[in-house]
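Numbering (the UniProt record's numbering), first residue to last: 1 to 308.
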């Protein structure tokens, strides 16, 4: 038997309608503050005063008028929403809000998240490795299921976000995480076959990209450039390219996708992935595979010197 204090009773008293109402009124911060205060009062043995303002609500009796989504349908909706090209802030919101809705919602979201993991910050990776993958998260505590996040995970994405006005820190802190987890994939995430790098607000070259080493199990590589400002998008079209490194190659990549990159970057990356069977990019007007067959490898206008 698990004992939950006043804070637990408060969380259990919340109904989906309460959470939806707070979200619509932009009062989610109020809910979070009250839950945090409840945890503090729990440790002190003090009954939180807001229990009176949040009376225990019982669900209405089941009837034909009560609309309930099947778990399978709920999981499909969450999966399709998670697969959308969300902004970093939107994805962060989606990664934190579902756990407050209901146990079923939290379970289905965690299952979707563990299938296609998105690492949003360096500290977020530590959370995923320590809590989510070993099934120590709240979504699994009361769920009797054979689901194993380590076995289900099929892709992992990394967000490299910078302030375009301050320049790009080199190396970006996330690169330490990328190198670390690439070494752990064969042992802990053996079914991961796709890696995605999301450069947000980058406008110049990342010299550490050529240090990327993928394990044999990874056969798909996606590189996506997103922007919240037109300034970085315009500069990217002119200045972005790979650092010259003749030894850089990703022969294990069979499917390459580049979104938002300029002509120089895409062409150099295609040359590095010389065994790719499928190449997709929104940069070229004609199919990229035809360019590969023609053997056209351009020389960038601006090439960073290799100083690593």
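Think of the CB as a built atom: it goes at the ideal place given N, C-alpha and C, for glycine as much as any other residue. All values reported here derive from a predicted model rather than from experimental measurement.
By DSSP's criteria, residue i is part of a beta bridge. Which residues make up the other side?
i, result
"residue 199", "160, 225"
"residue 194", "155, 220"
"residue 259", "224"
"residue 118", "157"
Determine the direct distance from the alpha carbon of residue j to that of residue i, and round the result to whole angstroms.
i, j, result
"residue 87", "residue 275", "31 Å"
"residue 157", "residue 71", "26 Å"
"residue 273", "residue 69", "44 Å"
"residue 152", "residue 114", "7 Å"
"residue 175", "residue 208", "8 Å"
"residue 220", "residue 268", "17 Å"
"residue 116", "residue 205", "27 Å"
"residue 124", "residue 271", "33 Å"
"residue 264", "residue 100", "45 Å"
"residue 203", "residue 283", "16 Å"
"residue 78", "residue 89", "17 Å"
"residue 251", "residue 266", "16 Å"
"residue 128", "residue 179", "16 Å"
"residue 253", "residue 84", "23 Å"
"residue 58", "residue 217", "At residue 58 the pLDDT is 48, less than 50, meaning the model places this residue with poor confidence; the figure from the coordinates comes in the next sentence. If I take the Cα positions, the gap works out to 50 Å."
"residue 126", "residue 108", "22 Å"
"residue 80", "residue 106", "16 Å"
"residue 310", "residue 262", "The requested residue 310 does not occur in the structure, where the chain is confined to residues 1 to 308."
"residue 122", "residue 235", "26 Å"
"residue 228", "residue 120", "16 Å"
"residue 98", "residue 237", "37 Å"
"residue 172", "residue 200", "12 Å"
"residue 249", "residue 187", "23 Å"
"residue 94", "residue 130", "20 Å"
"residue 96", "residue 73", "21 Å"
Should residue i and residue j be called a contact, given that it needs their Cβ atoms to be closer than 8 Å?
i, j, result
"residue 211", "residue 182", "no"
"residue 166", "residue 191", "no"
"residue 163", "residue 194", "no"
"residue 259", "residue 231", "no"
"residue 170", "residue 197", "no"
"residue 75", "residue 111", "yes"
"residue 189", "residue 150", "yes"
"residue 255", "residue 233", "no"
Please state the DSSP three-state secondary structure of residue i.
i, result
"residue 128", "helix"
"residue 278", "strand"
"residue 74", "helix"
"residue 165", "coil"
"residue 207", "helix"
"residue 273", "coil"
"residue 283", "coil"
"residue 253", "coil"
"residue 85", "coil"
"residue 247", "coil"
"residue 236", "helix"
"residue 213", "coil"
"residue 171", "coil"
"residue 101", "coil"
"residue 69", "coil"
"residue 189", "coil"
"residue 179", "helix"
Looking at chain D, is there any beta carbon in it that lies within less than 8 Å of the beta carbon of residue i?
i, result
"residue 228", "In summary, chain D is missing from the structure at hand, where a single protein chain is found."
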